[in-house]
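Q: Take this structure, written in structure tokens, and hold onto it; I'll ask about it next.
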Amino acid sequence: MGRLTARAALKEFKAGDRVRLRLNPSTKKGRPSTLRFNGKVGVVKCRQGKAYVVGIKDGGKAKEILAGNAHLVVA
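Under our numbering, think of the first position of the sequence shown as 697, with each following residue one higher.
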């Protein structure tokens, strides 16, 4: 992925947008705590500070993940 660009750092999402968790190795800020959710698709629920709350399904269970915008891409 390379370095973090200004475009990736400043992109914004709205509630209801479908996003894919793609962990960016060039920044640790806003990274979800575990790599097991890398590549999962979810829906943005709301914004919490500078991060986004993303709802995903993991093994049939609904879970909420906090992730910064550098680690999210539009699905």
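The beta-carbon is built from N, C-alpha and C at its ideal position, and this holds for glycine as well.
Could you check if residue 717 is buried or exposed, using at least 16 other CB atoms within 10 Å of its CB as the buried criterion?
A: buried
Q: In angstroms with no decimal places, state the Cα-to-Cα distance between residue 755 and residue 700.
A: Straight-line Cα distance between these residues: approximately 31 Å.
Q: Quick test of the definition: if touching needs 3 or more C-beta pairs under 8 Å, does the region 727-734 touch the region 705-715?
A: no
Q: Rounded to the nearest angstrom, what separates residue 761 and residue 751 at their Cα positions?
A: Using only the alpha carbons, I get a separation of about 6 Å.
Q: For residue 722, which residues from the same chain have a beta carbon less than 7 Å from its beta carbon, with the 5 sequence-adjacent residues on both sides left out?
A: Excluding residues within five positions, the ones whose Cβ falls inside 7 Å are 697, 698, 699, 700.
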